[in-house]
Each structure stands twice: as C-alpha cells, then as structure tokens.
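Comments concern the structure below.
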Ligand code: GLN
C-alpha cells in the first residue's frame, strides 16, 4: 500500500511560462522533505496524449528516462532520482494518453455498466487513482508530491487540475498543499519587478478552485520585500509563503535556496508533518566542491542531437557528479557526427581528453561516430561508448582490426556480410513501436581481472537498457582474439553488455545506459573512472608539451 489516510499530498503547478524548472523544484522539495526523515515519492503528470515519451522525437521531448522496471518516462523522473536518490517506477509518470487508455479499456470491458463515460467523473477519477497508486506498492509514503506538467491556463491540463481540486477536498486541507511556481520578471527599463503575471496566473488557478498555499517566485535576482508583500496580498498567500526562487548557476543549489527561503519548514508546518531537523551536510559539501574545481578537462560528445542538450540530460548530469568526485569540472564539447563525416576528424578533437559517444538511433551521422571511435582507439584517447557508442566501437574494430571490411550494424546495413551488431531474435517480429525495445534493468556478470571489474568491484551488476540491437555472438571470438574483450555478459541470455580494449589506456563500451543510475552523492563508477582517465590523459599531454 503506497498511501493511507495519514499520507499528505503536495501538488506543484506552474504559471506564466513553461521552462521555469518545475521538475527541479519538485525534486528539490523532495530532497528537503527526505532530509527531514520523511518517506516520499514524486509523480509526474504529463498532459500529452502519447502513452509515453518513448515514441516522441528528441526534438519534441528531450531525453526518454528509463526506469528500473522498464518504463519510458519523462526526463523529470531523472531529476527526481538524482535528487532524492530513490528508484522511480512506471507508477511515477502518468500521461493523458495512459489515463484515457485505461478508461477506454474499462469502457470496452463494460465496467461502467451502461453509463455515459465522461471527463468528469471518469477521467478525473482515473487521475485520482493514479495519484493514490504513485510509487512503490510496498512502501507507505508520508508525502506524495505531484508535479503537473504544462502551464496553468493550458486546455489540456484542466482535467488534472480538476482532479487535484477534488482530491484536496476529499483528503482535507490539512492533508494537502498547493505550491505554484511562477515567474516574476524584472523589467530593466522600469527598474522593478512586475507582479502582474503572477497575479493573473493565480487568478486562473483560483477560477478552477485551487488556492496556492506557497508561491515559488522564479526571478533573476533577489526579490525585494515590497514585491513579496504585494504578491502575497493580491494572491491571498501569507507573506511568509511567498518564496524567492532566484536563478542560480547550478541546479544543485536550488534545494539550498529553497531551504534558505523556508520552503521545507513551511511545508512541514502547514501539513503538520512529523519531521526531524534537516540534514543537508553532504549536499552542501557537494555544492561547495562543485563551485571550486581544482582542474578542468574537455570531453567531446559526438551525437546527432547536439543542439538539443535536453536529449542528453542524464549524461550531462553524470559528468557533473563524476567531475565533482574528481575535484574537476568537465567541459563538454558537443560535436555533430555529421560534421565529422564532412569535415575531417583531427581538428574536431583538438584539445579533447576524452570522447563519449552516446545512445542514438538511425543511420544519419553513423560513419562519423565510427570514425570517432577509431580515432580514440588509434590515438589512445579515453573512450566511452554508450549503447550505440559501444556498437560503433565494435563496427570500427571489426572493420579495421579484424579485417572485416564490410562489417556493419544491421540497423544501418541490413544485408551486410558481417552483421557484427544484429537484431535480437525476439525483436525480428516486432511491428509496434511503443514500449517494444529491450527496456529496463538487466543483470550483467563481470569478468574478473579486467578494467571493468576494477571499476565496478563487483561480480554482478544491474544496469538499465533501451535498445533493439545487440552484439552478434558469432563474431565475439574473433574480436577477442584481436584484443577487444567482452567483460560483461548477461548470464541468462549470454548477450554481451560490456566490452573493453586490452591495449588501450581506457576504452570501454556498454550496451546499457549507466547515466540513468548516476546520483548526486553516488556518481556512477564508469563516469567517475572515465573522467579520471581523461584527467590523466590531459596531464600527460600537458607534460609532453612542456618538456
Ligand atoms: N539504435 C541502437 C539499438 O536500437 C542503439 C540504441 C541506443 O543507443 N539507445 O540497439
């Protein structure tokens, strides 16, 4: 049972404009509550009709975050996991598509006994069910945080807001809280903050029967006392609950800003939570270390969506965590793999101390990625291939070391003589796109006496997947003979999950997505060691230049 009559519900909505950082705000509030000894989970409600973001283009949606139990979810779930250090499940993200899907299924089964099926009450009831079922079944939560996607005033989020209104009434005001994240712009010409957009946004909320209890005011700099007083007065919120959410240079400072503004204490008081004194010592130490790096290192990421940084959100954050663990700042250099194809490689990698090729789909830019893997291999530059990045490393090695000139992946060349990366048997008959990849966590057995083993220090690990293609076991023996060894294998299916190069300072490929398991205070070992190797490469190169 995830909730009972003692569970409190905290709803977070956004106003004025999108991209105010509602996901980070929700995750930060989660951290503040967790640091007070409370059990909580966070549910993201997404207003779009897609069942999940798995079928959405990165141009539309950014990263698809895969949970341990194999759900393809919104990237905000990545923030939740990184901030509160708890695994999310498929029950932590609900879309309008899922809500309607299940209502329509019930209707077809005849569950509604001849009634007309309507938005109110059937869709809103389904939303309330999803809120009550959020998180893990075997945990009883003190608080369920619900983040509503979209901006107040959008047509598509109305059923969610109506469901929240009903829920607040049902559980009572002492057990529910509404937090509204809003924008308070500073108008330079007038030299002052403007509170009207916030007043209007709150007005829209109140029209649908929701009165915010706390206002988080996103602003560029310190919000003056007079503006806070005015916002409180016109939005019907006590001055102490009008809290500044000013811009900061690291998302990991947001919980600290919120704590400073009294968000944690206000929530605890209003919901009468049984909380202990917050302990943010480790978090503060992380932020402190992040702001004082002792070294910088440049790592190149070669991908297809390099202009859309949201597609690589978890990788970017993994580098922040791994950088701090190494007392360094990782500067990411984004390289378009198509440009590598057209422009030659040498000058692209000038000054780079590590190369990462992330996951990806489709043929565009693939030869540029293979060339990058080759370049790293031949120039002893630390290389980290993730999913597609491991597949291209194998294609390069087969072509250029094992002399299989026509080697390719079946995704890029379906009839190649050497399909070193091929479709899994179960995937050959799949016709639907949604939710049909190899998804979620699988175990992997690590070979002792390898770099991979040194990094993990464990015989068996679990990592999350999202792909259709696999290393073709027919070619593994040949690859191993020439020095590319399979260091991690799935014990049930015998599929190769990790490879490394023997004669290279640091060259590793993984079929899974380690970036999905990096946490702020528990950086992923692969990223941590990759950054360490890049720092070493950087130092050695500097020494060589100086001597
Ligand atoms: N396109 C490749 C596959 O489906 C790699 C997927 C990925 O990198 N996530 O196997």
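Residue numbers (our numbering): -14 to 532. Quick reminder that beta carbons are idealized off the backbone N, C-alpha and C, glycines included.
Where the beta strand (DSSP E) containing residue i begins and where it ends
i           : result
residue 30  : 25 to 31
residue 230 : 227 to 231
residue 106 : From DSSP, residue 106 is part of no beta strand (DSSP E); its letter is neither H nor E.
residue 249 : First-last for residue 249: 248 to 256, but that is the alpha helix (DSSP H), not the beta strand (DSSP E).
residue 430 : 423 to 431
residue 203 : 199 to 204
residue 339 : 339 to 342
residue 129 : 128 to 133
Pick from the options that is closest to residue i, judged by C-alpha positions
i           : options            : result
residue 89  : 249, 103, 456      : 103
residue 342 : 220, 213, 286, 312 : 286
residue 389 : 482, 303, 291, 463 : 463
residue 173 : 224, 525, 206      : 206
residue 277 : 348, 242, 314, 152 : 314
residue 284 : 77, 337, 483       : 337
residue 271 : 62, 241, 282       : 241
residue 380 : 366, 404, 72       : 404
residue 180 : -14, 214, 159      : 214
residue 159 : 243, 246, 257      : 257
residue 418 : 42, 222, 359, 28   : 42
residue 424 : 15, 14, 56         : 56
Inter-residue CB distance, residue i and residue j (contact presumed, cutoff 8 Å)
i           : j           : result
residue 163 : residue 196 : 7 Å
residue 146 : residue 193 : 5 Å
residue 454 : residue 406 : 5 Å
residue 340 : residue 334 : 7 Å
residue 263 : residue 21  : 5 Å
residue 437 : residue 473 : 6 Å
residue -6  : residue 225 : Contact flag wrong, Cβ pair sits at about 21 Å.
residue 274 : residue 309 : 5 Å
residue 494 : residue 484 : 5 Å
residue 492 : residue 293 : Not quite, the Cβ-Cβ distance comes to about 27 Å (not below 8 Å), so this is no contact.
residue -3  : residue 11  : 5 Å
residue 498 : residue 372 : 6 Å
residue 51  : residue 449 : 5 Å
residue 17  : residue 302 : Actually they do not touch by this definition, with Cβ atoms about 19 Å apart.
residue 230 : residue 190 : Going by Cβ atoms, the distance from residue 230 to residue 190 rounds to 17 Å, so no, they are not a contact pair.
Cβ-Cβ distance between residue i and residue j below 9 Å
i           : j           : result
residue 1   : residue 136 : yes
residue 25  : residue 168 : no
residue 475 : residue 430 : yes
residue 204 : residue 232 : yes
residue 130 : residue 112 : no
residue 486 : residue 362 : yes
residue 451 : residue 344 : yes
residue 252 : residue 216 : no
residue 78  : residue 37  : yes
residue 500 : residue 300 : yes
residue 171 : residue 516 : no
residue 54  : residue 132 : no
residue 128 : residue 23  : yes
residue 239 : residue 119 : no
residue -8  : residue 30  : no
residue 322 : residue 370 : no
residue 212 : residue 47  : no
residue 32  : residue 139 : yes
residue 27  : residue 65  : yes
Residues bridged to residue i (per DSSP)
i           : result
residue 281 : 314
residue 319 : 286
residue 78  : 29
residue 58  : 50
residue 450 : 425
residue 393 : 404
residue 485 : 470, 493
residue -2  : 165
residue 455 : 407
residue 370 : 342, 494
residue 171 : 178
residue -7  : 128
First through last residue of the alpha helix (DSSP H) which encompasses residue i
i           : result
residue 16  : 7 to 19
residue 189 : 181 to 192
residue 462 : 461 to 466
residue 161 : Unbroken run through residue 161 is the beta strand (DSSP E), 161 to 168; no alpha helix (DSSP H).
residue 109 : 109 to 117
residue 272 : 266 to 276
residue 65  : 61 to 69
residue 355 : 351 to 363
residue 534 : Since the first residue shown for the chain is -14 and the last is 532, residue 534 is missing from the structure and cannot be characterised.
residue 377 : 373 to 385
residue 530 : 510 to 531
residue 216 : 210 to 220
residue 440 : 436 to 441
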